[in-house]
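J.:
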Amino acid sequence: MLLRRITKHIKDQNWFAVVLDFIIVVLGIWFALIAGQWVDSRQDRAALRDAERDINGEIQSTYFFAYERLSVVPCRANRYLDLGEMLLKGSDEWPGTSSPYGAGLQTKYRVFPLVLRSPVRPWDYSVWDTELSKGTLSIMNAEKRQLLSDFYLTVKDAERQQNNLHLAEARLQALAAPLQLTGADRLRYYDRLMEADAISAALELTVEQLIEMIETNHLVTFRDDDVPLVREFLEERNLRRGEIYGDCASVVSLPLLERSLGSDE
């Protein structure tokens, strides 16, 4: 209808009406574009809020895994020292070694005692990688996005070091059985133990860095309805860790969780 009206105005040489019709068309297109952009912007912001909520969940897990790793450092150090001392003394007869660890998933189906044990956890970054590739995070504050990018690179370092440590400790599993070990054999196993120690120390430094990044920049929050569930989870995991590692394992608490509790009181 508008097109017929414009055509009629041109035939009648009513140029004022033609200009007015043109302005109406332009304004209509402009308002349609603005409305579309407004809808898209709302959808983008809603998608970002959902992504940030899920990223917060990932960081909560990482926060716990980092403190859990540090909680067993004394157990790890004592066990390494004991094995090292055994390797550096004695005859060609290696008596084997019993496991100091309680039952758990890592020992459930094993035939031989577990010589070395440390937590193996799923350092999760799937939400971050997915939302980053989808472009959901493009409207996030640039400084925050860079901070999270650095954080997740460190998470991936922790995962790599954990996997390397798991393999390094597995190379010492033969010490569970009685063996004939020459002096050269003992030194070879001692070198493997030192390699595992170096990897473990690097992992412990990495998780300390993760904790510092989380707490300094307040990368994680705990909602009111999260708190009782997280506290129950911590109590259960602390109890279970004590059963596996013994008194050498310290109790894990999350300072940012305790601060959120304190701010509500």
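Residue 0 is where the sequence shown starts when you use numbering that gives the first Met the number 0, and the numbers rise one by one after that.
Cβ atoms here follow ideal geometry from the backbone N, Cα and C, with glycine treated the same way.
Everything numeric in this text was worked out from a predicted model, so none of it was measured.
Roughly how many angstroms lie between the CA atoms of L174 and R116, to the nearest whole one?
T.: In a straight line, the C-alpha of L174 is about 13 Å away from that of R116.
J.: For F221 and L256, which I take to be in contact (beta-carbon distance under 8 Å), what is that distance rounded to the nearest angstrom?
T.: That belief holds up - the Cβ atoms of F221 and L256 are roughly 5 Å apart, short of 8 Å.
J.: List in chain order: all unbroken alpha helix (DSSP H) runs of 4+ residues lying wholly within the region 39-86.
T.: Complete alpha helix (DSSP H) runs here, min 4: 72-86.
J.: Out of G101, P118, Q42 and R68, point me to the one whose CA is closest to P112's CA.
T.: Taking only the C-alpha atoms, the option nearest P112 is G101.
J.: Whole angstroms is fine: what's the gap from H8's alpha carbon to E130's?
T.: Summary for H8: the model assigns pLDDT 49, below 50, so the residue's position carries little reliability, and this model does not support an answer.
J.: Per DSSP, which residues does W93 bridge with? Please list them.
T.: Paired residues: L178.
J.: Could you name each continuous beta strand (DSSP E) segment of 3 residues or more that falls completely within the region 89-166, going from the start of the chain to the end?
T.: If we require 3 residues or more, the region 89-166 turns out to have no beta strand (DSSP E) run fully inside it.
J.: Beta carbon of I213, beta carbon of Y62: below 8 Å?
T.: Yes. Within cutoff.
J.: In whole angstroms, give me the CA-to-CA distance for R185 and L86.
T.: Each residue's Cα considered, the two are about 5 Å apart.
J.: For the candidate residues R187, K155 and D49, whose alpha-carbon lies nearest to that of L209?
T.: Considering only alpha carbons, the answer is K155.
J.: In whole angstroms, what is the alpha-carbon distance linking L1 and F150?
T.: Residue placement at L1 cannot be trusted, given a pLDDT of 48 that sits under 50; what the coordinates show is reported in the next sentence. Roughly 57 Å between the two C-alpha positions.
J.: First and last residue of the alpha helix (DSSP H) that includes F221?
T.: Where F221 is concerned, there is no enclosing alpha helix (DSSP H), given that its DSSP letter is neither H nor E.
J.: According to DSSP, simplified to helix, strand and coil, what is E264?
T.: For E264, the predicted structure reports a pLDDT of 48, less than 50, and the residue's modelled location is therefore unreliable. A value from the coordinates is still provided. The answer is coil: DSSP assigns E264 none of H, G, I, E or B.
J.: Going by alpha carbons, who is nearest to A45 out of M139, F64 and G245?
T.: Nearest of M139, F64 and G245 to A45, Cα basis: M139.
J.: Who are the near neighbours of T153 in its chain, counting only those whose CB is closer than 8 Å to its CB and skipping five residues on each side?
T.: For T153, where only same-chain residues beyond five positions count, the Cβ hits under 8 Å are T205, Q208, L209 and M212.
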